[in-house]
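One structure is given here, and the rest of the page talks about it.
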Amino acid sequence: MRPVRQFLRSPEGVAGLLMIVLLATAALTAPVVFPGDPLAIRGPALLPPFADAAFPLGTDRLGRDVLAGLMHGARASLAVGIAAASVAIFVGALVGTLAGFAGGLVDEALMRVVDAFQIVPGFLLALAFVSVSGASLPVVILAIALGAWTGPARLARAEVLSIRERDYVAAARVIGMHPMEIALREVLPNALPPVLALSSVIVAGAVLTEAALSFLGLGDPNIVTWGSMIAEGRNVLRSAPFLSIIPGIGLVVAVLGVYLLSEGLSEAIAGRRSRA
Amino acid sequence: MTRFPLSRRRLLTSTALLLASAGLPARALAQDGKRLVVAADSEPKNLNPAIVASNGVFFIASKVIEPLAEASFAGPDGLEPRLATAWEGSADGRSVTFTLREGVTWHDRKPFTSADVAFSALEVWKKLQNLGRLVFANLEAVETPDERTAVFKFSVPTPFQLIRNALPVVTSVLPRHLYEGTDIEANPANASLVGTGPFKFAEHKPGEYYRLEKNQDYWGEGQPKLDEIVFRVLPDRAAAAGALEADEIQLAAFSQVPLADLERISKVEGIEVYSKGYEALTYQLVVEINHRRKELADLKVRQAIAHAIDRDFVVKTIFLGYAVPSTGIVPKNAPEFYEAGVTTYAFDPARANALLDEAGYKRAGNGTRFSLKLLPAPYFSETRQFGDYLRQALAAIGIDAEIVNNDAAAHQKAVYTDHDFDLAVAPPVFRGDPAISTTILVKGGVPAGVPFSNQGGYANPAIDEIIEKANKTVDVAARTDLFRQFQKLVAEDLPLINVAEWGFITVARTSVKNVSSNPRWAVSNWADTDLES
Amino acid sequence: MRRAFLLLRRRLITSIPVLLIVVIGTFFLLEAAPGDAVDAYLLSIGGGDPALVAGLRESYGLDRSAWARLAAYLMALLRLDLGWSVLFGRPILDVVMERLPATLWLMGSAVALSFSLGSALGVVSGARPGSAADRLLSVGSLTLYAVPSFWLGLVLSVIFGVQLRWLPTAGLESIASGKQGFERALDIARHLVLPVAALGFIYMALFLRMMRAGMAEAWRQDFALAARARGLARRRIVLRHVARNALLPLVTMLGLQAASMLGGSVVIESVFAIPGFGRLAQEAVAGRDAALLIGIILVSAVLVIAVNLVVDVVYAVLDPRVGASEPAT
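Chains as they are written, first to last, in the working numbering: chain A, 238 to 513; chain B, 366 to 898; chain C, 253 to 581.
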């Protein structure tokens with residue numbers, strides 16, 4: 238119970254937790270509160286916020302409900318972020334584990350590929366990839382993951398290198414387990430936790446990258462994300478600033494929440510460790 | 366190995382360029398001169414309007430290279446003279462005689478003569494230009510009895526009406542002495558233009574600007590008024606409005622300031638909004654249909670889609686009133702050809718639903734009749750927004766449309782080469798005569814890969830016959846009548862759906878004078894445009 | 253010296269296969285794209301007929317197989333020839349080098365801003381972890397980090413460029429102004445303020461947080477405890493011992509972030525109409541100029557490698573283990 242108490246003593250951590258809970262609630266309840274397509278045209282265009290009870294946050298250029306967009310956008314933006322982070326961590330951990338475990342030429346080759354991805358500006362790569370493949374949800378997720386998987390790969394490899402010399406791995410080898418089995422069964426699970434700790438940073442980065450891609454007109458037009466809302470709103474930045482400010486706040490809350498929460502958690506865990 | 370020194374030199378010069386970038390003196394300019402700074406959202410690499418007849422090129426090149434005649438609000442047949450002072454077609458449609466202006470010199474001081482026109486027509490317009498290839502397909506020879514006369518000879522009768530209507534777009538005259546005997550498409554003068562226009566091409570800094578300077582020897586009395594025009598490359602459309610307000614630029618044409626921002630900016634002190642000056646550059650908002658889809662090959666389904674679109678909503682909300690609803694394939698802005706008496710499709714979702722039921726496409730359990738792939742052209746924010754709207758309008762009649770968001774090159778390929786679409790939103794431009802614009806959208810037998818043409822697999826012998834006949838009809842009244850019949854046929858059979866037609870908006874500082882003074886103003890020569898300090 | 257040289261050589265040798273992977277990967281990415289340079293060109297001229305299309309493809313060599321084109325490209329690359337840009341009708345090296353200065357100015361200034369401001373505020377923050385100043389800075393910088401750069405850029409330009417008219421909203425310098433020397437430098441600096449702020453503020457948070465975390469770690473280390481036990485002034489401990497140790501990972505971070513900042517400048521260049529790499533990359537993708545895009549990505553990869561080399565050297569200078577052998581620290 239101590240880490241929980243420790244966590245609750247950090248105001249940033251609690252604030253982060255509240256933000257994430259709020260967003261998660263919005264994301265999960267969106268289809269219930271606003272059933273149907275959030276892109277549907279519901280009312281007069283460019284209604285300012287708080288002017289009409291039916292549209293508490295106003296409407297956009299085509300008369301779509303901004304609140305519905307915001308809540309469905311939370312769903313889509315977080316989904317994109319989490320999906321991209323999962324792909325990045327999965328691929329990264331796999332490549333890193335293989336490289337670290339196999340060593341030698343395989344390691345060398347795989348790490349050169351990691352290097353190649355690391356020296357190419359990730360956003361440039363995402364931009365090229367989406368332009369080329371056409372903007373759809375899976376493509377956007379993959380494009381974001383392309384620029385994010387090298388971090389987990391390097392970390393996983395470093396972990397594996399330290400783990401593979403440990404006793405239980407040696408023991409597994411002695412009892413004649415297949416190297417692949419050792420890698421996936423014994424090494425990977427132990428190398429994973431520090432890699433997973435990266436996930437919050439990757440999710441936050443992915444949400445921002447999606448927004449930037451949407452800004453350049455490279456988002457999926459069939460779903461609403463905060464990025465696409467900001468991109469739409471920027472043409473009327475001066476006459477209807479709320480259209481880009483409201484989803485912008487959503488973005489800030491999400492990224493801030495993820496960071497604060499992960500910081501609070503790591504502090505709480507570190508606190509426990511230092512006491513133990 | 367042999368090329369290594371060259372490459373190394375290239376590398377060295379480039380590096381030197383980089384190092385020198387901090388110390389390189391920029392070209393001096395008389396700061397007291399009248400400099401007009403204009404926003405440009407694209408940066409054409411080939412600036413030659415005689416080869417590339419597109420508005421992006423004309424926007425810049427029209428100030429340097431002039432056509433034989435320009436569009437006009439007041440002139441006879443909607444034209445006013447430029448390099449030609451008179452033009453006349455023969456009764457048999459086999460020749461057109463141009464009388465050329467006297468005392469015109471090229472920017473390199475060589476005289477302008479009928480030989481320049483003959484060379485441009487035969488070697489450039491007829492062979493290389495995207496539109497000239499159609500208009501001058503049967504041009505056989507250009508006779509030049511004297512320096513001021515050029516007689517175009519056609520092997521088969523060619524309607525003078527078509528030539529006349531095409532004059533502003535297809536007849537940019539190039540200097541023969543710079544192009545003859547060279548690879549015309551690779552000529553350096555395509556990037557560094559030499560013409561007869563009121564402005565001389567000065568420089569192009571890639572990614573930054575094009576600069577034009579006053580032509581002191583221009584034939585127009587007391588023209589041009591400006592000393593310099595700078596086209597500032599501003600790729601982000603939201604940036605133009607800010608730059609105008611900060612007086613960093615004085616003019617933004619082609620709706621570079623987003624429509625939604627016009628109401629606000631029109632109230633800003635010192636800024637004026639012009640909706641005139643694009644009458645001869647009417648863009649049409651069109652739903653292209655792939656007739657290979659069995660549902661869409663059914664006329665009832667096409668009618669249902671036409672009834673599902675609320676044109677008033679499109680005009681009011683997407684175009685904020687800066688457009689008019691379309692009735693057919695020829696825009697109202699072309700009164701010479703426009704036919705009002707065509708079948709129209711009022712906004713009527715109930716009727717649309719009934720038509721779909723009749724056609725046998727009942728709603729399934731989830732309320733959907735069938736699914737479609739919708740590709741809005743990415744060139745304008747309005748085409749994209751209309752795509753978003755159309756998806757909703759179709760949902761209301763039980764058609765589930767999935768929007769595919771492509772960039773320009775991919776859209777081009779998907780629609781016009783691969784036919785990988787069911788519905789597409791396109792913004793074709795009406796170029797003064799149906800023969801060089803709208804007809805290609807419905808004509809059968811166009812090979813795959815021709816952009817902005819009928820790639821929906823539609824073929825209607827009756828329509829093709831009229832188009833064919835009009836191309837050979839010399840008599841103006843008879844030809845016009847054919848195009849009126851053509852409009853009726855198209856509206857009845859709906860090979861595509863015309864939704865709205867629009868011209869662009871120019872926003873300028875009030876200090877800029879004589880804006881929007883002709884129907885192609887943005888792409889005309891700006892000889893009389895002035896700047897008051 | 254010898255160690256640095258060996259390090260340098262090893263880095264350069266390992267860079268070659270990496271760059272090769274980059275080239276081949278990019279080539280096939282663009283190969284998979286629907287539409288080629290000719291499609292994009294036709295679009296820009298508003299259409300053409302099939303004969304024109306075929307003629308263009310042949311003249312650009314686009315009718316050859318992908319492998320033949322890749323082989324030709326790699327051979328040319330050996331001669332340091334990046335090829336010919338279909339889009340610009342000029343050698344790619346020229347086109348790329350022309351845009352490099354703008355990007356270097358933007359990135360260099362943004363790095364300087366975010367690194368110096370970030371580490372300075374990080375020191376303030378890390379000097380007393382958990383203090384009010386620390387919390388404020390920490391949350392404040394994170395909020396900035398969470399704002400999309402393009403949005404920050406647009407808002408900054410509306411406030412300082414349009415409404416207050418303090419600074420220009422677009423471009424890298426005044427058009428053909430005739431300014432020279434110091435005057436011109438000042439002109440460029442004025443144009444750079446807003447884009448650099450938009451890009452730099454966002455990365456500032458990273459350095460600030462890194463510095464703060466590093467300092468928090470350093471406080472727990474023996475030398476810091478020893479210094480405190482010796483009764484040294486807190487200010488002296490913070491600057492001489494704790495911050496110095498925390499600076500090392502920051503330098504490494506600089507290398508890692510180089511690629512990311514280069515990517516981030518794409519959007520900023522678009523908002524502020526700066527003719528740099530990012531804009532060029534967008535143009536290359538839109539124009540389907542594969543060779544140009546590969547050229548851009550290759551040159552930016554070389555740039556990132558160069559930054560990392562510099563970082564390695566700086567690291568060696570700053571590393572206390574190196575410093576310990578030197579007299580009088």
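For every residue, glycine included, the Cβ atom is placed at its ideal position computed from N, Cα and C.
For residue i, decide whether its Cβ has a neighbour in chain B, counting only Cβ atoms nearer than 7 Å.
i         : result
Val-473/A : yes
Pro-519/A : There is no way to answer for residue 519/A, as the model of chain A reaches only from 238 to 513.
Ala-525/C : yes
Ser-577/C : Residue placement at Ser-577/C is flagged as unreliable, the pLDDT there being 38, under the threshold of 50; the coordinate-derived value follows with that caveat. Closer than 7 Å: no.
Gly-470/A : no
Ser-366/C : no
Ser-314/A : no
Val-563/C : no
Per DSSP, residue i is paired with what?
i         : result
Thr-296/A : Asp-302/A
Glu-593/B : Arg-400/B, Glu-578/B
Lys-878/B : Asp-895/B
Thr-904/B : Nothing in the structure corresponds to residue 904/B, since chain B is present only between 366 and 898.
Chain C partners of residue i, CB-CB under 9 Å?
i         : result
Lys-808/B : In chain order: nothing, as chain C lies at least about 13 Å away.
Does any CB atom of chain A fall closer than 7 Å to the CB of residue i?
i         : result
Arg-874/B : no
Trp-403/C : yes
Gln-757/B : yes
Asn-655/B : no
Val-376/C : no
Val-290/C : no
Pro-524/B : no
Thr-504/C : no
How many whole angstroms separate the CB atoms of residue i and residue j, which I take to be in contact at a CB cut-off of 8 Å?
i         : j         : result
Phe-869/B : Phe-619/B : 5 Å
Val-523/C : Asp-601/B : 6 Å
Val-482/B : Ala-515/B : 4 Å
Pro-793/B : Thr-803/B : 7 Å
Gln-494/B : Ile-416/B : 6 Å
Val-680/B : Lys-853/B : Not confirmed; about 23 Å, so no contact.
Output, in chain order, the set of chain B residues within a Cβ distance shorter than 9 Å of residue i.
i         : result
Ile-356/A : Those within 9 Å of Ile-356/A in chain B number zero; the least Cβ separation is about 20 Å.
Can you check which of these residues, the options, is closest to residue i by C-alpha distance?
i         : options                                    : result
Ala-556/B : Gly-562/B, Phe-566/B, Asp-548/B, Thr-547/B : Phe-566/B
Gln-534/C : Leu-896/B, Ala-773/B, Pro-510/B            : Ala-773/B
Ser-314/A : Val-489/A, Gly-454/A, Glu-447/A            : Glu-447/A
Gly-335/C : Val-563/C, Asp-564/C, Ala-543/C, Val-566/C : Ala-543/C
Glu-573/B : Glu-408/B, Leu-499/B, Ser-691/B            : Glu-408/B
Pro-229/A : Leu-392/A, Asn-459/A, Val-461/A            : What the structure shows of chain A is the stretch from 238 to 513, and residue 229/A is not part of that stretch, so it cannot be assessed.
Ile-276/C : Arg-487/C, Arg-492/C, Ala-354/C, Met-327/C : Met-327/C
Kindly list, in the order they appear in chain C, the residues whose Cβ is closer than 8 Å to that of residue i.
i         : result
Glu-249/A : Arg-387, Ser-390, Val-391
Leu-335/A : By Cβ distance, chain C contributes nothing, its closest Cβ being about 17 Å from Leu-335/A, past 8 Å.
Arg-597/B : Ala-422, Gly-423, Ile-427, Ala-525
Quick one: list the residues of chain A neighbouring residue i, beta-carbon separation under 7 Å, in chain order.
i         : result
Ile-768/B : Pro-458, Asn-459
Arg-629/B : Arg-475, Ser-476
Quick check: is the beta carbon of residue i nearer than 7 Å to any beta carbon in chain C?
i         : result
Asp-481/B : no
Val-351/A : no
Leu-493/A : yes
Ser-368/A : yes
Determine the chain A residues that contact residue i at a beta-carbon separation under 8 Å, and present them in chain order.
i         : result
Gln-750/B : Arg-298, Leu-299
Just the chain A side, please: which residues come within less than 9 Å of residue i by C-beta, in chain order?
i         : result
Val-519/C : Phe-360, Ala-449, Phe-452, Leu-453
For a contact defined as C-beta to C-beta under 8 Å, what are the partners of residue i on chain B?
i         : result
Thr-421/C : Ala-604, Gly-607, Ala-608, Ala-611, Glu-613
Gly-310/A : Neighbours of Gly-310/A on chain B: none; closest Cβ ~15 Å, over 8 Å.
Anything in chain C within Cβ reach of residue i, meaning under 7 Å, just list it in chain order.
i         : result
Asp-772/B : Ala-538
The segment 272-283 of chain A: positions lying closer than 9 Å to chain D by Cβ: Included in the structure are the protein chains A, B and C, with no chain D among them.
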